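Engineer: Can you read through this structure? Questions will come right after.
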Amino acid sequence: MSKSNFTRRGVIKTGALGAGALALPQYLRADGHAGFTNAPGDSEVVLGFNVPQTGPYADEGADELRAYELAVEHLNGGGDGGMLNTFSSKVLDGTGILGREVKYVTGDTQTKSDAARASARSMIEKDGAIMITGGSSSGVAVAVQALCQEAGVIFMAGLTHSNDTTGKDRKANGFRHFFNSYMTGAALAPVLAAQYGTDRKAYHLTADYNWGYTTEEAIRASTEAIGWETVNSVKTPLTQTDFSSYVAPVLNSGADVLVLNHYGGNMINSLTSAVQFGLREAQANGQNFEIVVPLYSRLMARGAGANVKGIFGSTNWHWSLQDEGSQAFVRSFGTKYGFPPSQAAHTTYVQTLLYADAVTRAGSFAPCAVAEALEDYEFDGLGNGKTLYRGSDHQCFKDVLVVKGKENPESEFDLLEVVEVTPVDQVMYSPDHPQMGGADASLGECNNGA
Amino acid sequence: MTDQTTQPSVTSPARASKGGMFGLSSKDTTLLLVVFAMVVLAPFILNPFPEGSGLAQFNAGYPDLMQRFVIFGIFAIGFNILFGLTGYLSFGHAAFLGVGSYAAMWSMKLFTLNVIPGILFAVIVAGLFAAAVGFISLRRSGIYFSILTLAFAQMSYALAYSVLTPLTGGETGLQIKNTDNPILSNIPEGEIGRANLFGAQMGNSYEMAVGNWLFTFNLGYYIAAAFMLVAFYLSIRIFRSPFGMMLRAVKSNQQRMNYTGLTPKTYTLYAFIISGMYAGLAGGLMVAMDTQVGPERMFWTASGEVVIMTILGGAGTLIGPVLGAGSIKYMENILSKINKDVLHQWFAFLPDGLEDAVVVFADIFVGKQWHFTLGIVFMLVVIFLPGGLVEGAQRITARFSRKKSSNNTPAE
Chain H
0 MSKSNFTRRG VIKTGALGAG ALALPQYLRA DGHAGFTNAP GDSEVVLGFN VPQTGPYADE
60 GADELRAYEL AVEHLNGGGD GGMLNTFSSK VLDGTGILGR EVKYVTGDTQ TKSDAARASA
120 RSMIEKDGAI MITGGSSSGV AVAVQALCQE AGVIFMAGLT HSNDTTGKDR KANGFRHFFN
180 SYMTGAALAP VLAAQYGTDR KAYHLTADYN WGYTTEEAIR ASTEAIGWET VNSVKTPLTQ
240 TDFSSYVAPV LNSGADVLVL NHYGGNMINS LTSAVQFGLR EAQANGQNFE IVVPLYSRLM
300 ARGAGANVKG IFGSTNWHWS LQDEGSQAFV RSFGTKYGFP PSQAAHTTYV QTLLYADAVT
360 RAGSFAPCAV AEALEDYEFD GLGNGKTLYR GSDHQCFKDV LVVKGKENPE SEFDLLEVVE
420 VTPVDQVMYS PDHPQMGGAD ASLGECNNGA
Chain G
0 MTDQTTQPSV TSPARASKGG MFGLSSKDTT LLLVVFAMVV LAPFILNPFP EGSGLAQFNA
60 GYPDLMQRFV IFGIFAIGFN ILFGLTGYLS FGHAAFLGVG SYAAMWSMKL FTLNVIPGIL
120 FAVIVAGLFA AAVGFISLRR SGIYFSILTL AFAQMSYALA YSVLTPLTGG ETGLQIKNTD
180 NPILSNIPEG EIGRANLFGA QMGNSYEMAV GNWLFTFNLG YYIAAAFMLV AFYLSIRIFR
240 SPFGMMLRAV KSNQQRMNYT GLTPKTYTLY AFIISGMYAG LAGGLMVAMD TQVGPERMFW
300 TASGEVVIMT ILGGAGTLIG PVLGAGSIKY MENILSKINK DVLHQWFAFL PDGLEDAVVV
360 FADIFVGKQW HFTLGIVFML VVIFLPGGLV EGAQRITARF SRKKSSNNTP AE
C-alpha cells in the first residue's frame, strides 16, 4: 500500500541498528544464583515492606511500617528485643537472620492492586527482596500473594480479613497470621446469643465488594445457626459516605439487629448515621434494638468516637491484653513511638518475626524450605496465645477476641474492651469448607523461582 | 450525507518527502529511529548508576518499570490522537484500558496462554466498547463530552467492582488460577499457567554484568516495546495523513467544517475508536506482562493520569505523551520508594543536626509525598512550558543551535 523509499543510507542505518540489537544477547550471561529468586549474599538480606502510604488505609499502613521498623531493629539486636524474649521459639538471637543483617525497602500500595503489584515487583526485581509483606486490604493481599507465588518469594500477608486470602485464592508461597471473616462469625455468634438472645431478626448492610460478601456470608451462617433470622441484606457502594438512605428503612423492616459489614471510613459513616437515627434507643419486636460491627479496629473506633460505646465486634489483637508477649510488644512499641500499637502493627510485627524464625529453623532462605518450616508450626508467646500455622491453607489458628466499645474510655487509644476470648477450637474449620472455596481450593506447588 | 467518511484512515505516502524511510519524511524518520534506539537501549539508559552505590536508588532499568514505561506510553500516544488532534478531552479513557485488560485475561483463562491472541482480543473488545461509548458521548462536545466519558468510566468501574463480580472477580480482580485450563494450552493438572509467547515466558530475562553495573534484558519488555514502536509509527502516520488533517480541522473550527459539507462527528468518532483501541492494546499488554487485573485500573484517577501524562509531555506532539508517561511512572515507582532511612544514608556525611534538618526537608518531596512533587512539576510545566516537556526540549535546542528557523512551527 505505501511506497517504501529504500535508500542506501536508510538501509545501512536500519541494518546497523538491527545488527546491534541482534548482537546484544552475546554479551548476556546466565544469572548466577543459588537455586531460588534473590538469594541473599553473606552480609545482608533485604525484606520488602509493601504498605498503603496514601489512600483510605494510609493510617493503618503507617502503623504497619512502624511495626516493621521495630521488628527489624529487634532482629538486628537493637532495642529491648520485644517479643523475641517471649516467643516460644528461641532460635532468633539478635544477629539478623542466619547471621545476615536485615535491611528493608518500603513501597506504597495505594490500596490498589496494580500499584501494589508494581511496587512489589520493583522490590523483587530491583532491590532483591527475598520476602514481601504488608497490605491493608484483601484485594491487594490476593493480588500480591499471586505475584509472589509467580516470582518465587514468600508473601507474609498483613491486614487482610476476607476468607479468600487463605480460602479460594490461597497460594503455597503465601501466609496469613490475621484472622478471617469465618472466624469472626464463629466467635461472635455465641457472644451475641448470650447477650441478645436467640430470637433475633438481623438486617445486614454490606459493603459492596469482596470482603463485604465473605463477611456477610460468615455472619449470616453463624447467626442463623444459633437461631437468628436474616430479614434483609442490602449492599452499599464502597464509596458511599452518606448512609442515611440505607439506615432509614431498617427500623420498619421488622429487624431488631443491624449488622454493619463495613470497614474503615464506611463503618465510621454508617455507624454514625445509625446512631443519629436513634437506633440505639429504639425498640423493635419488644426488644432493644442492637448494632453489631463484625470487624473492629482501633482506628475505626477512634473515627466513630462515642458512637462505638457498647457495640460488639471482633478483633485480631488488642494492646490491652495482659499476656507477656503483648505487654513486651506494647512496651517496646510505646517506648519507640509514644503510643500503643494497633492490631495492624501487631500482625505485621509478628509476621516478620515468624518469617525470620522459619528461615532460621529451616537453615535456608529458599521459599520452599521456609514454607515447610512454617507449615503446621505451633508457637506461643506472640500475643495470641497458642497458635497454629495450618499447613493445608497457610492460615493461623488462634483465639479470637470479641470486643465492645468501651463506655468510659480513658484515652484516645483506650476505646475497646475485650469481652471474651473465644477459644481456637470454636473457630476451627476444615480446609475445604464451602466458605473457603470448597474442594477446588488448593495451594498449588510452592515456587522457589529462578 | 457525505461520502467523505468512507475513507477516513487513508495513510497516503504522498506527503513523504525525500530522504526518509517507511513512508515518513526525513524528520519523522529521525524521530522514529531515535525512539527506536532509546527503546532498544533502555536497559542501559535507565541503569546509569552502578549497583550498590547510593544513586542506584534512581535506576529504573528493571523489567516491571520498563514495561510500564512503554505500556503507558502506548496509552498516552492513543489518548493524544484524540485529545491532541481533535481537542476532545476524554476523562474516561481508563475504561478502555480496563476493558482491554479483562478481555485479554479471559482470552488467557479460556482460550490460550499465548499473549498474542489475548492482546488482539483486547484491542477488538476495547474498540467495540469505544464505538458504543463514543457514539453516545460525541453527541456533545466540550465539558459535556468530558463528563459523559467520565460517567461511562465510573460506571464501568462500579460494575466491575461489584455487580459484575462473576465476570470481573470484583475487588480482588482476576488472575490465572490452577483451575484454569485454556483449551489451546496443555497445562498439567494443578499447575498455574503463565503468559507466554510461543512457549517463552514474559518474565524471562538475561542479566549482563559490566563491572559494577547490572543490566537486565527482559523478554516481556521487548515484546511490549515492539508493540509500542508499531503504535508510535502508526501515530506518526495518522498525524501526517489527510485524516489527521481533518481531526485538526475539528479542533480549530467545527462550524466551518460543517459548512464545507463535512461531518466532524464521523471523524471524531473514528479518532475516539482508534484511541480506545490504543488503550485496549495497553490494557492487553498489562495483562500479558503481569497476569492480573483489578477494577481500580478503570477508576477516574487512572483516567486523570493519562490526561496529566499527555499534558505534561506535550499534547498534540508525537513524542510528548511518551515522555509524560515515562516521567509520571518514574516518579510513582522511584520517588515513592525513597524513605527516611534512605535519606539518612545519603546525607550521613553532614553534621548530625544539619543532617536531620536536610532529611526532614527532603522527606517532604519523596516517599508517600511523591504526589506532591508530581503536582509541583505539573504546575511548573503548565505555567512555564505550556507545550509540555517537548517545548522545554525545543527551547534548550533552540538556545544551543544558531538556526532559528523552527520557531514558528508547532511542537511536533
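Protein chains in written order, with numbering that gives the first Met the number 0: chain H, 0 to 449; chain G, 0 to 411.
Where a beta carbon is used, it is the ideal one built from N, C-alpha and C, also for glycine.
Given the structure is predicted, the values throughout are model-derived calculations rather than measurements.
Count the other CB atoms, across all protein chains shown, that sit within 10 Å of the CB of Tyr258 of chain G; report buried if there are 16 or more and exposed otherwise.
Structural biologist: As a working note, residue 258 of chain G is residue 259 in the second sequence. Tyr258 of chain G is exposed by the Cβ-count criterion.
Engineer: Check whether the Cβ of Tyr336 of chain H lies closer than 7 Å to any Cβ atom in chain G.
Structural biologist: Locating residue 336 of chain H in the first sequence gives position 337, where the first residue counts as 1. Cβ-Cβ to chain G under 7 Å: no for Tyr336 of chain H.
Engineer: I'd like to know if Asp179 of chain G contacts chain H, where contact means its C-beta is closer than 7 Å to some C-beta of that chain.
Structural biologist: Within the second sequence, the letter at position 180 stands for residue 179 of chain G. No, its Cβ sits nowhere closer than 7 Å to a Cβ of chain H.
Engineer: Determine, for Ile142 of chain G, whether the minimum Cβ-Cβ distance to residues of chain H falls below 7 Å.
Structural biologist: Along the second sequence, one-based indexing puts residue 142 of chain G at 143. Chain H contact via Cβ: absent.
Engineer: Does any C-beta atom of chain H lie closer than 7 Å to the C-beta of Ser16 of chain G?
Structural biologist: As a working note, residue 16 of chain G is residue 17 in the second sequence. Only weak support exists for where Ser16 of chain G lies, its pLDDT of 47 falling under 50; the value from the coordinates is given anyway. Closer than 7 Å: no.
Engineer: Applying a beta-carbon distance threshold of less than 9 Å, which residues of chain H neighbour Asp355 of chain G?
Structural biologist: Here residue 355 of chain G corresponds to residue number 356 of the second sequence, with the count starting at 1. Per Cβ cutoff of 9 Å: no residues; Asp355 of chain G is ~17 Å from chain H at best.
Engineer: Helix, strand or coil: how does DSSP classify Ser87 of chain H here?
Structural biologist: Working through the first sequence from its first residue, we reach residue 87 of chain H at position 88. The answer is coil: DSSP assigns Ser87 of chain H none of H, G, I, E or B.
Engineer: Taking only the alpha-carbon atoms, compute the straight-line gap between Gly309 of chain H and Arg279 of chain H and give it to the nearest angstrom.
Structural biologist: Numbered from 1 along the first sequence, position 310 holds the residue referred to as residue 309 of chain H. Numbered from 1 along the first sequence, position 280 holds the residue referred to as residue 279 of chain H. Cα-Cα distance, rounded: 10 Å.
Engineer: Cα-Cα, which of G:Asp340, G:Gly279, G:Gly387 and G:Tyr221 is closest to Gly319 of chain G?
Structural biologist: As a working note, residue 319 of chain G is residue 320 in the second sequence. For the residues G:Asp340, G:Gly279, G:Gly387 and G:Tyr221, the minimum Cα distance to Gly319 of chain G belongs to G:Gly387.
Engineer: Please determine, among G:Leu284, G:Thr262, G:Asp340 and G:Val359, the residue with the shortest C-alpha to C-alpha distance to Leu196 of chain G.
Structural biologist: The count along the second sequence starts at 1 and reaches residue 196 of chain G at position 197. Of the candidates G:Leu284, G:Thr262, G:Asp340 and G:Val359, the one whose C-alpha sits nearest the C-alpha of Leu196 of chain G is G:Leu284.
Engineer: Helix or strand or just coil, what does DSSP make of Lys102 of chain H?
Structural biologist: Residue numbering aside, residue 102 of chain H sits at position 103 when the first sequence is read from its first letter. If DSSP states are grouped into helix, strand and coil, Lys102 of chain H belongs with the strands.
Engineer: What span of residues does the beta strand (DSSP E) with Pro293 of chain H cover, start to end?
Structural biologist: In the first sequence, counting from the first residue as 1, residue 293 of chain H sits at position 294. Start and end: Glu289 to Leu294.
Engineer: Determine the direct distance from the alpha carbon of Ala119 of chain H to that of Asp241 of chain H, and round the result to whole angstroms.
Structural biologist: Counting from 1 along the first sequence, the entry for residue 241 of chain H is found at position 242. Counting from 1 along the first sequence, the entry for residue 119 of chain H is found at position 120. Roughly 35 Å between the two C-alpha positions.
Engineer: Determine the closest residue to Val50 of chain H out of H:Glu323, H:Gly34 and H:Glu68, with distance taken between C-alpha atoms.
Structural biologist: Taking the first residue of the first sequence as 1, we reach residue 50 of chain H at position 51. Minimum Cα distance to Val50 of chain H is reached at H:Glu68.
Engineer: Check whether the Cβ atoms of Gly196 of chain H and Ser221 of chain H sit closer than 7 Å, and answer yes or no.
Structural biologist: Indexing the first sequence from 1 puts residue 196 of chain H at position 197. Indexing the first sequence from 1 puts residue 221 of chain H at position 222. No. Outside cutoff.
Engineer: Does any C-beta atom of chain G lie closer than 7 Å to the C-beta of Lys125 of chain H?
Structural biologist: The sequence position of residue 125 of chain H within the first sequence is 126, counting from 1. Chain G contact via Cβ: present.
Engineer: If we define contact as Cβ-Cβ less than 7 Å, is Asp63 of chain G a contact residue for chain H?
Structural biologist: The count along the second sequence starts at 1 and reaches residue 63 of chain G at position 64. Interface residue, yes.
Engineer: Output the boundary residues of the alpha helix (DSSP H) element that contains Gly404 of chain H.
Structural biologist: Residue 404 of chain H sits at position 405 when you count from the first residue of the first sequence. Run containing Gly404 of chain H: none in the alpha helix (DSSP H); it sits in the beta strand (DSSP E), Val399 to Gly404.
Engineer: Under a CB-based cut-off of 7 Å, is Arg239 of chain G close to chain H?
Structural biologist: The sequence position of residue 239 of chain G within the second sequence is 240, counting from 1. No, no contact with chain H.
Engineer: By DSSP, does Asn49 of chain H sit in helix, in strand, or in coil?
Structural biologist: As a position in the first sequence, residue 49 of chain H is number 50, starting the count at 1. Reduced to three states, the DSSP call for Asn49 of chain H is strand.
Engineer: Among the residues of its own chain, which have a CB less than 7 Å from the CB of Ala281 of chain H, if the five just before and after it don't count?
Structural biologist: On the first sequence, position 282 is the one that residue 281 of chain H refers to. For Ala281 of chain H, where only same-chain residues beyond five positions count, the Cβ hits under 7 Å are Leu250 and Phe288.
Engineer: For His370 of chain G, go through chain H and note every residue whose CB falls closer than 9 Å to its CB, in chain order.
Structural biologist: On the second sequence, position 371 is the one that residue 370 of chain G refers to. Near His370 of chain G (Cβ distances below 9 Å), the residues of chain H are Thr53.
Engineer: Can you confirm whether the region 320-327 of chain G touches the region 80-96 of chain H when touching is taken to mean that 3 or more C-beta pairs between the two stretches lie within less than 8 Å?
Structural biologist: These segments do not touch.
Engineer: Any beta-carbon of chain H closer than 7 Å to the one on Glu295 of chain G?
Structural biologist: Within the second sequence, the letter at position 296 stands for residue 295 of chain G. Chain H contact via Cβ: present.
Engineer: Is there a Cβ of chain G sitting closer than 7 Å to that of Asp431 of chain H, yes or no?
Structural biologist: The residue given as residue 431 of chain H occupies position 432 in the first sequence. Chain G contact via Cβ: absent.
Engineer: Along chain H, in chain order, which residues have C-beta atoms closer than 8 Å to that of Ser155 of chain G?
Structural biologist: Start at 1 with the first residue of the second sequence, and residue 155 of chain G comes out as number 156. Within chain H, no residue comes near Ser155 of chain G; the closest Cβ sits about 14 Å away, beyond 8 Å.
Engineer: Any idea what DSSP makes of Met435 of chain H, helix, strand or coil?
Structural biologist: What you label residue 435 of chain H is simply residue 436 of the first sequence in a count that begins at 1. Reduced to three states, the DSSP call for Met435 of chain H is helix.
Engineer: Find the nearest neighbour of Gly22 of chain G within the set G:Phe216, G:Ser184, G:Leu149 and G:Leu233, judged by alpha-carbon distance.
Structural biologist: Reading the second sequence from its first residue, position 23 is the one you call residue 22 of chain G. Ranking G:Phe216, G:Ser184, G:Leu149 and G:Leu233 by Cα distance to Gly22 of chain G puts G:Leu233 first.
Engineer: Since Val104 of chain H meets chain G, which of its residues come closer than 7 Å, beta carbon to beta carbon?
Structural biologist: In the first sequence, the residue the question calls residue 104 of chain H occupies position 105. Per Cβ cutoff of 7 Å: Lys336.
Engineer: Is there at least one Cβ from chain G nearer than 7 Å to Arg120 of chain H's Cβ?
Structural biologist: Mapped onto the first sequence, residue 120 of chain H falls at position 121. Taking Cβ atoms only, chain G reaches closer than 7 Å to Arg120 of chain H, which makes this a yes.
Engineer: What residues from chain A crowd round Gly138 of chain H, counting only those whose CB sits closer than 7 Å?
Structural biologist: Looking for chain A here will not work: the only protein chains present are H and G.
Engineer: Any contact between the region 331-338 of chain G and the region 98-116 of chain H? By contact I mean 3 or more CB pairs, one from each, below 8 Å.
Structural biologist: Taking 8 Å as the limit for Cβ pairs, the verdict is that the region 98-116 of chain H does touch the region 331-338 of chain G.
Engineer: What is the residue span of the beta strand (DSSP E) that Val230 of chain H lies within?
Structural biologist: Along the first sequence, one-based indexing puts residue 230 of chain H at 231. Note, Val230 of chain H: beta strand (DSSP E), Glu228 to Thr235.
Engineer: Within 10 angstroms of the Cβ of Tyr143 of chain G, are there 16 or more other Cβ atoms? Answer buried if so, exposed if not.
Structural biologist: Here residue 143 of chain G corresponds to residue number 144 of the second sequence, with the count starting at 1. By the neighbour-count rule (16 or more Cβ atoms within 10 Å), Tyr143 of chain G is not buried but exposed.
Engineer: Could you tell me whether any Cβ in chain H is nearer than 7 Å to the Cβ of Asn211 of chain G?
Structural biologist: By one-based count along the second sequence, residue 211 of chain G stands at place 212. Asn211 of chain G does not count as touching chain H.
Engineer: Quick test of your reading: Phe48 of chain H and Leu373 of chain H, contact by CB under 8 Å. State the CB separation rounded to the nearest angstrom.
Structural biologist: Start at 1 with the first residue of the first sequence, and residue 48 of chain H comes out as number 49. Start at 1 with the first residue of the first sequence, and residue 373 of chain H comes out as number 374. Wrong, their Cβ atoms sit about 19 Å apart, outside the cutoff.
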